[in-house]
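Colleague:
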Amino acid sequence: MSKSTPHIKPENNPIAETILLPGDPLRAKFIAETYLEDVVQFNEVRNMFGYTGTYKGKKISVMGTGMGIPSIGIYSYELIHTFGVKNLIRVGSCGAMQEGINVYDVIIAQGASTDSNYVAQYGLPGHFAPIADYSLLARAKKLADKKGVPNHVGNVLSSDIFYNANKEATDKWRSMGILAVEMESAGLYMNAAYAGGDVKALGIFTVSDHLLTHEETTPEERQTSFTKMMEIALEIVE
Ligand code: ADE
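FYI, the UniProt record's numbering numbers position 106 of the sequence shown as 106, with every residue one higher than the one before it.
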């Protein structure tokens, strides 16, 4: 019988060891159609579309994760523990929090701080620091520099809250050097850490909005910076 989970039912279609994880399942479809060859669809449960194909001869999958740590927590856990996925690369957007970062820049999440309680499940006697896999991180940085893509490496905030009633929260995180806010990477990094050994994770983002300058991207500009981020993500794993 083919492997399946409550949320991923591939029905014998393959899932690659390397997967790109956008939040939006229609983004996953777009990535598969635009960048991959010989594509097969491996998931449609809850319309969380997943596809596998090849990029320059490398087998690679792409699947939506939904929004927030609980959602990416479910999908990445099942991908790792049932389907043997080893390299999980979140590709998304983020809101910049520092001067000196512009909309369209690329952020590479070295660390992912969070206001989520996801880490409580591990019962650790202290505070865990969710971090990216260094080999994926170093390669992403090298590729971004080589392509001349403006990029920033550092700590992001994976927040549970998009509409935050605590108006001071952003300033406090900013004062600790957080580059940008998104909503998933800390959960992904924790799941990778919990899996241990050879499971690697990285989050890379394009800046879609700026919390200080309130500058926003147009759909065309978003597409251009998305393309740059995708070119990096697709080439990270050799
Ligand atoms: N993703 C993109 N922009 C964001 C923001 N401002 N807050 C949280 N997640 C985001």
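All residues carry an ideal CB built from backbone N, CA and C; glycine is no exception.
Among 74, 159 and 236, whose alpha-carbon lies nearest the alpha-carbon of residue 138?
Modeller: Checking every option, the nearest Cα to that of residue 138 belongs to 236.
Colleague: Using a threshold of 7 Å, is the CB atom of residue 211 nearer than that to any non-hydrogen atom of the ligand ADE?
Modeller: Answer for residue 211: yes, Cβ within range of the ligand ADE.
Colleague: Keeping to the same chain, check which residues put their C-beta closer than 8 Å to that of residue 116; ignore five residues upstream and five downstream.
Modeller: Within the same chain, residue 116 has close Cβ partners 69, 158, 159, 160, 186 and 187.
Colleague: Where does residue 49 sit, in a helix, a strand or coil, going by DSSP?
Modeller: Of the three classes helix, strand and coil, the one that applies to residue 49 here is coil, per DSSP.
Colleague: For residue 162, verify whether its CB is less than 7 Å away from any heavy atom of the ligand ADE.
Modeller: For the ligand ADE, at least one heavy atom lies less than 7 Å from the Cβ of residue 162.
Colleague: What's the C-alpha gap between residue 81 and residue 195?
Modeller: So the alpha carbons of these two residues sit roughly 8 Å apart.
Colleague: Are the CB atoms of residue 67 and residue 49 nearer to each other than 8 Å?
Modeller: No, the Cβ-Cβ distance between residue 67 and residue 49 is not below 8 Å.
Colleague: How would you write the range of the alpha helix (DSSP H) that residue 223 sits in, first residue to last?
Modeller: From DSSP, the alpha helix (DSSP H) with residue 223 extends over 219-236.
Colleague: Determine the direct distance from the alpha carbon of residue 180 to that of residue 113, and round the result to whole angstroms.
Modeller: In a straight line, the C-alpha of residue 113 is about 10 Å away from that of residue 180.
Colleague: Since residue 17 and residue 90 should fall inside the 8 Å C-beta cutoff, what is the C-beta to C-beta distance between them, to a whole number of angstroms?
Modeller: Contact doesn't hold; Cβ gap of about 16 Å is too wide.
Colleague: Between residue 156 and residue 182, how many whole angstroms is the CB-CB distance? I'm expecting something under 8 Å.
Modeller: Contact flag correct, Cβ pair sits at about 6 Å.
Colleague: For residue 204, which beta-bridge partners are listed by DSSP?
Modeller: DSSP output for residue 204 lists 91 and 108 as bridge partner(s).
Colleague: Taking the alpha carbon of residue 232 as the point to measure from, which residue in 205, 213, 32 and 189 has its own alpha carbon closest?
Modeller: Among 205, 213, 32 and 189, the Cα nearest to that of residue 232 belongs to 205.
Colleague: Return the first residue and the last residue of the alpha helix (DSSP H) that residue 186 is part of.
Modeller: Segment 185-195, the alpha helix (DSSP H) holding residue 186.
Colleague: Just to confirm, are residue 200 and residue 193 a CB contact at a threshold of 8 Å?
Modeller: Not a contact, by the Cβ cut-off of 8 Å.
Colleague: Whose C-beta lies closer than 6 Å to the C-beta of residue 144 among residues of the same chain, with five residues either side of it excluded?
Modeller: Closer than 6 Å at the Cβ level, and outside the excluded window around residue 144, lie 106, 151 and 232.
Colleague: As an exercise, report each continuous beta strand (DSSP E) stretch of at least 3 residues that is fully enclosed by the stretch 7-67, in chain order.
Modeller: List check, beta strand (DSSP E) in window: 18-21, 37-43, 50-55 and 58-63.
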